[in-house]
Every structure is written in C-alpha cells, then in structure tokens.
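In the order they appear, the protein sequences are chains U and W. Quick note on numbering: the first sequence equals residues 6 to 117 in this note's numbering. Quick note on numbering: the second sequence equals residues 94 to 208 in this note's numbering. We treat Cβ as the ideally placed atom computed from N, Cα and C, and that holds for glycine. All values derive from a computational prediction rather than experimental measurement.
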Amino acid sequence: DTEVTQTPKHLVMGMTNKKSLKCEQHMGHRAMYWYKQKAKKPPELMFVYSYEKLSINESVPSRFSPECPNSSLLNLHLHALQPEDSALYLCASSQGGGRGYTFGSGTRLTVV
Amino acid sequence: AQSVTQPDIHITVSEGASLELRCNYSYGATPYLFWYVQSPGQGLQLLLKYFSGDTLVQGIKGFEAEFKRSQSSFNLRKPSVHWSDAAEYFCAVGAYNSGNEKLTFGTGTRLTIIP
C-alpha cells in the first residue's frame with residue numbers, strides 16, 4: 006500500500022459545527038503532516054507529527070485540533086471555523102531522510 | 094530558513110513542444126529538492142526528487158530535472174509535452190529543523206497546453 010487516504014473528500018460545515026478530517030497511511034512512515042491549501046496558492050504547513058507526537062505547530066488557531074491516535078492515523082478536529090478556513094486540507098506522510106512526502110488527495114472543506 | 098522561487102506563474106506550451114519550468118532555492122546546506130504536480134482539486138503527486146548523487150534526475154511521466162548548485166536552481170524539463178501534462182507544478186525544498194523534516198513550496202507554475 007503506497008497511498009495516503011483522506012476522508013471525507015468533500016465537507017460542508019456551519020460555523021457552529023464540529024467535524025473531523027481523517028487521514029490514514031500503511032507505509033510505515035514515521036511522520037505525518039497536515040497542510041492547508043487555498044485556491045491558486047501553494048500548500049502551507051499546519052502541523053507535523055513525528056513518532057505520534059506533535060513536533061511542529063505553525064501557529065495554527067486553536068479551532069483546529071490535531072490528533073494522532075497511532076502511527077497510521079492522523080485526525081484534524083474542527084470547531085467553530087470561519088468562512089476563511091474554507092480550503093483544501095492535505096495530509097501527507099514521509100519516511101524522513103529527505104525522501105519526500107506522499108500526499109493524500111485532500112478534503113475540500115467549505116465553511117458556511 | 095529555506096525558500097523556493099518559481100518565477101513563472103503561468104506558462105503556455107503547444108502539445109509536442111519542449112518544456113522547462115524554473116525553480117530557484119535558498120538553503121544554507123545541501124538541499125533536498127522535489128517537484129510535485131497537482132491537477133485541479135487533487136492532491137500532490139511526486140514527479141522526482143534530488144538529495145545527492147547524479148545532478149540529472151529522472152522522474153515519472155518523462156520528466157527530468159537538473160540540480161545546479163552554482164545557480165541554486167532545480168529546473169524541470171520534458172522534451173515533448175502531452176495534453177495531460179496540463180496542471181500546477183510545485184517545486185519544493187526539504188530541510189531539517191530541530192529534528193523535523195519540513196517541506197517548503199514555491200508558489201507554483203500553472204502549465205497550459207494548447208493543441
């Protein structure tokens with residue numbers, strides 16, 4: 006299995022809702038990442054988990070809450086989002102050592 | 094801190110013509126360099142990567158890239174483009190920071206193919 010699987014593919018949520026994005030990989034990668042990508046922009050790093058521990062938080066608002074239940078799973082819990090949070094959320098994993106990331110196909114999030 | 098510059102926002106190429114997408118990086122040590130491709134609404138697919146060895150790197154879909162340390166460049170090339178190559182292309186540099194690997198992307202180049 007050489008894929009990163011993200012669910013759901015599309016999500017529409019209201020500003021008072023609570024929802025979660027899920028990411029799964031079975032490549033044995035030790036690091037997992039959340040990126041946010043606005044239209045016509047490059048991906049921006051949000052969080053890095055290394056060996057299931059949060060190692061980088063790029064000053065992301067607390068309405069985004071990551072969780073890494075085990076080495077294969079990564080969640081992003083969403084609460085009280087704003088319309089400007091609408092974007093493509095990408096999950097990625099890597100072996101480290103400069104070997105590059107494997108990206109999922111993303112969750113297209115719309116906040117209404 | 095590392096950074097990547099892709100000077101061309103949008104490039105239009107005729108099908109069958111050759112292609113070169115430019116990428117310049119800034120990093121204090123030997124960089125890990127990558128090219129990714131993204132079709133509309135999709136995730137990113139790794140085309141090729143460089144971190145040591147031969148400076149001419151072969152990737153998938155007939156793409157290649159050349160690392161030139163003296164010019165801090167990692168340009169992507171393809172001898173003959175196909176209509177299916179139309180997409181957004183991102184150059185990225187990977188670096189270790191406090192034990193964590195961090196990937197920094199350029200702003201991307203949108204490739205349009207005309208018949």
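Selection W/183, W/169, W/195, W/188 evaluated against residue 45 of chain U yields W/183 as nearest (Cα-Cα).
Within 10 angstroms of the beta-carbon of residue 122 of chain W lie fewer than 16 other beta-carbons, which makes it exposed. Closer than 8 Å at the C-beta level to chain W, one finds these residues of the stretch 25-36 of chain U: 36.
Under the 8 Å criterion on CB atoms, residue 95 of chain W is classed as non-interfacial with respect to chain U.
Across the structure, residue 112 of chain U and residue 119 of chain W are spaced so that their CA atoms are roughly 31 Å apart. Close to chain U, meaning a Cβ-Cβ distance shorter than 8 Å, are the following residues of the stretch 131-143 of chain W: 134, 135, 136, 137, 138, 139, 142. With at least 16 other beta carbons inside 10 angstroms of its own, residue 90 of chain U counts as buried. In the structure shown, residue 177 of chain W falls within a helical segment according to DSSP collapsed to helix, strand and coil. Taking CB atoms only, residue 70 of chain U has no neighbour in chain W less than 8 Å away. Restricting attention to beta strand (DSSP E) runs no shorter than 3 residues, the stretch 55-99 of chain U encloses them at 58-62, 69-75, 78-84, 92-99, ordered along the chain.
Close partners of residue 74 of chain U in chain W (Cβ separation under 8 Å) are lacking, with about 20 Å as the shortest Cβ gap.
If the five residues before and after residue 104 of chain U are omitted, its C-beta is found closer than 7 Å to no C-beta atom of its own chain. Separation of residue 26 of chain U and residue 101 of chain U (C-alpha to C-alpha, rounded to the nearest whole angstrom) is 24 Å. Distance from the Cα of residue 86 of chain U is smallest, within the candidate group U/8, U/19, U/13, U/9, for U/19. With contacts defined by Cβ atoms closer than 8 Å, residue 88 of chain U and residue 80 of chain U do not form a contacting pair. Counted as a single uninterrupted DSSP element, the beta strand (DSSP E) harbouring residue 28 of chain U occupies residues 23-30. If the five residues before and after residue 196 of chain W are omitted, its C-beta is found closer than 6 Å to the C-beta atoms of 185, 187, all from its own chain and listed in chain order. Here residue 205 of chain W has 103, 104, 105, 106, 179 as same chain residues with Cβ atoms under 8 Å from its own Cβ, once five neighbours each way along the sequence are excluded. A residue is called buried once 16 or more other Cβ atoms fall within 10 Å of its Cβ, and residue 61 of chain U is buried on that count. A straight line joining the alpha-carbon of residue 172 of chain W with that of residue 63 of chain U spans about 39 Å. For residue 79 of chain U, not one C-beta of chain W is nearer than 8 Å to its own C-beta. Beta bridge pairing from DSSP links residue 112 of chain W with W/171. Proximity to residue 69 of chain U across U/55, U/48, U/57, U/40 peaks at U/40, based on C-alpha coordinates.
DSSP places residue 41 of chain U within a strand segment (E or B) once states are collapsed to three.
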